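Peer 1: Residue numbers (the UniProt record's numbering): 1 to 272.
Right, here's the structure in full:
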C-alpha cells in the first residue's frame, strides 16, 4: 500500500521538526455494509513517554472537523479508553503507546465516504499536538441493488415503468420484456440511478437489470392494461360461478327439509 508522510511543525522547543511524522495511505477502499481499516502510524521525538496520550480521528477537515473517535491513555500501563465512538462503529485496532492509531469502521454506509484525519496529543509539561493534514480519503464500492421498481400512470391513459437502483460505481440499467417503445429517460445522483420506460402498450413482465463492475441485480414488474371491451366477459366470469353456488345451496337446503319429513302438520280438530 502506498503511504505518504505528513508533517507539521511541532509545538515544542529544542526538538527538530523532522522528529515528528504521521504516516497514512492517501486512499482506502471499503465495501458497503462491511468493515474497513484506516491505518495511521506516527513518530515522536521522545525515547519514552509515560504521560497522558490522546488519540483522535476526525472527518471532513483537519483540526476543526467533526470528531468521530477519541480515546485516552493515562500511562503506559493503561489501555487507551474510548471516550467517543460515533454510533459505536469505530474501534481502535492499533496501540497508541506503540505509535499506532489505526482504527476499524464497521457496517459501512454511504455517509462514511469521507476524508479522515488522525491526531495524537501528548500531555505533560509541554502539550504536543500532531495531526495529519491531508488525511485519508475513504472510497466505497457496492454491488448493484434494485431499491424500487413500479408502474404508474400520468392520468392521461399512458403508463410508464420506473426502476431505481444503487451501487458504486453507479450501475447501468436495462429494461427487457414485451415489445415496447424505445423511449426512455435516465436520471442519476451519485451512486443512485433511475431509468423510466415510457408509453407501455403491451401486457406482460418487464425486467430491470442493474450492472456494474462488482455484480448485477434484477427486478421485475407485471403490466396488464384494463380493456373496456372485455368487461361483459369479465362480469360473466365472476357471476356465473356465484350463481351456481347459490343454486347448489338451495338444492341442499330443500333436500335437508325433505329428509326431515317436511314442515310439521297442523293438529287435528277435536269433535264431540
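Just so it is clear, CB atoms sit at the ideal spot from N, CA and C, and this is done for glycine as well.
Keep in mind it's a predicted model, so treat the numbers as computed, not measured.
Have a look at residue 154 and residue 196 and give me their C-alpha separation to the nearest angstrom.
Peer 2: For the purposes of this step, residue 154 is taken as the residue at position 154 of the chain shown. For the purposes of this step, residue 196 is taken as the residue at position 196 of the chain shown. One C-alpha to the other measures close to 13 Å.
Peer 1: Can you tell me which of the three DSSP states residue 274 falls into?
Peer 2: Absent from the model: residue 274. The displayed extent of the chain is 1 to 272, so no value can be given.
Peer 1: Roughly how many whole angstroms lie between the Cα atoms of residue 194 and residue 97?
Peer 2: Indexing the chain shown from 1 puts residue 194 at position 194. Indexing the chain shown from 1 puts residue 97 at position 97. Their Cα atoms are separated by approximately 50 Å.
Peer 1: Can you tell me whether residue 90 is helix, strand or coil according to DSSP?
Peer 2: Locating residue 90 in the chain shown gives position 90, counting from the first residue. Strand, per DSSP.
Peer 1: Since I believe residue 31 is in contact with residue 108 (beta carbons under 8 Å), could you give me their beta-carbon distance rounded to a whole number of angstroms?
Peer 2: Position 108 of the chain shown holds residue 108. Position 31 of the chain shown holds residue 31. That pair is a contact at about 7 Å.
Peer 1: Quick one: what does DSSP say residue 132 is sitting in, helix, strand or coil?
Peer 2: In the chain shown, counting from the first residue as 1, residue 132 sits at position 132. Coil at residue 132, not helix or strand.
Peer 1: Touching or not, the segment 164-177 and the segment 142-154, by the rule of three or more beta carbon pairs under 8 Å?
Peer 2: Enough Cβ pairs lie closer than 8 Å, so yes.
Peer 1: Please classify residue 274 as buried or exposed, where buried requires at least 16 other C-beta atoms within 10 Å of its C-beta.
Peer 2: With the chain represented from 1 up to 272, any question about residue 274 goes unanswered, as that position is not in the structure.
Peer 1: For residue 110, which of helix, strand or coil comes out of DSSP?
Peer 2: On the chain shown, residue 110 is found 110 positions in, with the first residue counted as 1. Residue 110 falls in the helix class under three-state DSSP.
Peer 1: Need the endpoints of the beta strand (DSSP E) that residue 69 sits in, please.
Peer 2: On the chain shown, residue 69 is found 69 positions in, with the first residue counted as 1. Here the beta strand (DSSP E) through residue 69 covers 66-73.
Peer 1: Once you ignore the five residues that flank residue 71 on each side, which residues in its own chain have a CB closer than 7 Å to its CB?
Peer 2: Locating residue 71 in the chain shown gives position 71, counting from the first residue. Correct list, in chain order: 55, 80, 81, 82, 83, 92.
Peer 1: Residues in the same chain with beta-carbon distance under 6 Å from residue 129, minus the five sequence neighbours each way, listed in chain order, please.
Peer 2: The residue given as residue 129 occupies position 129 in the chain shown. Closer than 6 Å at Cβ, skipping near neighbours: 121.
Peer 1: Helix, strand or coil: how does DSSP classify residue 19 here?
Peer 2: Taking the chain shown and counting its residues from 1, one reaches residue 19 at position 19. Helix, per DSSP.
Peer 1: Whole angstroms is fine: what's the gap from residue 217's alpha carbon to residue 151's?
Peer 2: In the chain shown, the residue the question calls residue 217 occupies position 217. In the chain shown, the residue the question calls residue 151 occupies position 151. Using only the alpha carbons, I get a separation of about 19 Å.
Peer 1: Which stretch, first to last residue, makes up the beta strand (DSSP E) that contains residue 204?
Peer 2: Here the question's residue 204 lines up with position 204 in the chain shown. Segment 204-212, the beta strand (DSSP E) holding residue 204.
Peer 1: Quick check on the DSSP output: the beta strand (DSSP E) that includes residue 122 runs from which residue to which?
Peer 2: In the chain shown, counting from the first residue as 1, residue 122 sits at position 122. First-last of the beta strand (DSSP E) with residue 122: 115-122.
Peer 1: How many angstroms separate the CA atom of residue 35 from the CA atom of residue 50?
Peer 2: If you number the chain shown from 1, residue 35 lands on position 35. If you number the chain shown from 1, residue 50 lands on position 50. Cα to Cα, residue 35 sits roughly 32 Å from residue 50.
Peer 1: On the CB-based measure, 16 or more other CB atoms within 10 Å of its CB, does residue 234 come out buried or exposed?
Peer 2: Translated into positions along the chain shown, residue 234 becomes position 234. Residue confidence is low: residue 234 scores 42 on pLDDT, short of 50, so the model does not pin down where it sits. Its coordinate-derived value is still stated next. Exposed, because fewer than 16 other Cβ atoms sit within 10 Å of the Cβ of residue 234.
Peer 1: Flag this pair as yes or no: are the beta carbons of residue 60 and residue 52 separated by less than 9 Å?
Peer 2: Taking the first residue of the chain shown as position 1, residue 60 is located at position 60. Taking the first residue of the chain shown as position 1, residue 52 is located at position 52. No, these two residues do not count as a Cβ contact at 9 Å.
Peer 1: Could you check which residue in 37, 222, 173 has the C-alpha nearest to that of residue 101?
Peer 2: On the chain shown, position 101 is the one that residue 101 refers to. It is 37.
Peer 1: Quick one: Cα of residue 23 to Cα of residue 85, how far?
Peer 2: Counting from 1 along the chain shown, the entry for residue 23 is found at position 23. Counting from 1 along the chain shown, the entry for residue 85 is found at position 85. If I take the Cα positions, the gap works out to 22 Å.
Peer 1: Please identify the residue among 20, 225, 170 whose C-alpha is closest to the C-alpha of residue 157.
Peer 2: The residue given as residue 157 occupies position 157 in the chain shown. The shortest Cα separation from residue 157 among 20, 225, 170 belongs to 225.
Peer 1: For residue 240 and residue 203, I'd like the C-alpha separation in whole angstroms.
Peer 2: Residue numbering aside, residue 240 sits at position 240 when the chain shown is read from its first letter. Residue numbering aside, residue 203 sits at position 203 when the chain shown is read from its first letter. Confidence at residue 240 is low in this model, with a pLDDT of 39, below 50, so the placement of that residue should be treated as unreliable; the coordinate-derived value is given next. Distance between the alpha carbons of residue 240 and residue 203 is about 26 Å.
Peer 1: Measuring CB to CB, does residue 45 end up less than 9 Å from residue 133?
Peer 2: Translated into positions along the chain shown, residue 45 becomes position 45. Translated into positions along the chain shown, residue 133 becomes position 133. It is not a contact, given that the beta carbons lie outside the stated cut-off.
Peer 1: Over the uninterrupted beta strand (DSSP E) stretch that includes residue 223, give me the two end residues.
Peer 2: Translated into the one-based positions of the chain shown, residue 223 becomes position 223. It spans 215-223 - the beta strand (DSSP E) in which residue 223 sits, taken as one unbroken run.
Peer 1: Would you say residue 174 and residue 211 are within 9 Å of each other, going by their C-beta atoms?
Peer 2: Counting from one through the chain shown, the residue named residue 174 turns up at place 174. Counting from one through the chain shown, the residue named residue 211 turns up at place 211. Taking 9 Å as the Cβ cut-off, residue 174 and residue 211 qualify as a contacting pair.
Peer 1: Output needed for residue 41: all residues of its chain with C-beta closer than 6 Å, excluding positions within five of it in sequence on either side, in chain order.
Peer 2: Here residue 41 corresponds to residue number 41 of the chain shown, with the count starting at 1. Closer than 6 Å at Cβ, skipping near neighbours: 23, 99, 100.
Peer 1: In this structure, does DSSP put residue 98 in helix, strand or coil?
Peer 2: Sequence index remark: in the chain shown, residue 98 carries index 98 (1-based). Reduced to three states, the DSSP call for residue 98 is helix.
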